[in-house]
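Residue numbers (this note's numbering): 802 to 1045.
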């Protein structure tokens, strides 16, 4: 449903065509992993209207919500727009707290939430109390945390953009609009799988080739949300200079 030639934007007409009589749920992920594409307020409302028309559930993975600065602002969590929508979020992505294995679902339908809670209780009963307390503190300070994380992302994005400009004969991309990841196209002679494999073995820099995402292309995912991004780019430069 997302294509590079369309800047990885969602195609509502294509989604409508794909709906069948037995379609029960549509699952979306924005900011999108691995492209960094976002969904606008207008696009999300259009998707909600489609789901409402066909009486379909809408499940929205919003774990990168808050990372990046979309030009038109953030679309609302989908659970606030539609009574048959679920919004998923976690502490590990936009909050940068991967050690806290805490996440949540929000939905207007109390019956479905009760059923989900029953499954959750069967699987793990409860979360770690210290993790829940730290998560509450983080939620209370989310604007500060998001600002701090976005400053790191903005700095790293500028470095990555300049790197890709310097090596434009090897790489191209559609600039990500949200999150802390991008989907870069590799124009080298070898396959992107071979490129990524050699890089991680030689320099310890891990890029995720497109086939990991069942995407048949010469793209790879790159993350730019960590403070060690400058070091990672230097290692990547060394690898390219040694192998060009």
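Every residue, glycine too, gets a C-beta built ideally from N, C-alpha and C.
Item checked: Pairwise C-alpha distance: residue 842 and residue 972 -> 31 angstroms
Margin query: Suppose contacts are defined by Cβ-Cβ distances below 8 angstroms. Is residue 961 in contact with residue 1008 by that definition?
Written below: No. Outside cutoff.
Notebook entry, point to check: Quick one: is residue 900 buried, meaning 16 or more other Cβ sit within 10 Å of its Cβ, or exposed?
Noted result: exposed
Next item on the list: From the DSSP output, in three-state form, read off residue 1009 for me.
Entry: Note: residue 1009 maps to strand in three-state DSSP.
Notebook entry, point to check: Taking C-beta to C-beta, are residue 882 and residue 845 nearer than 8 angstroms?
Noted result: Yes, these two residues count as a Cβ contact at 8 angstroms.
Margin query: If contact is defined by three or more beta carbon pairs under 8 angstroms, each pair taking one atom from either stretch, is the stretch 989 to 1001 in contact with the stretch 1024 to 1034?
Written below: no
Check: Going by Cα to Cα distance, which pick from 928, 860, 1016 is closest to residue 892?
Finding: 928
Notebook entry, point to check: Is DSSP giving residue 1040 helix, strand or coil here?
Noted result: helix
Margin query: If you measure between the beta carbons of residue 889 and residue 925, is that distance less than 8 angstroms?
Written below: no
Next item on the list: Rounded to whole angstroms, what's the CA-CA distance from residue 1043 to residue 808? Just pull it up for me.
Entry: 32 angstroms
Item checked: CA nearest to the CA of residue 856, picked from 914, 991, 894, 820 -> 820
Check: Which residues share a DSSP beta bridge with residue 861?
Finding: 829, 888
Check: Hey, residue 989 and residue 1036: beta-carbon distance below 8 angstroms or not?
Finding: no
Item checked: Distance, residue 834 Cα to residue 982 Cα -> 7 angstroms
Check: By Cβ distance, which residues of its chain are closer than 6 angstroms to residue 885, with the 5 residues on each side in sequence left out?
Finding: Once the five neighbours on either side are set aside, the close Cβ partners of residue 885 are 858.
Notebook entry, point to check: Comparing alpha-carbon positions, which option in 1014, 1012, 980 lies nearest residue 831?
Noted result: 980
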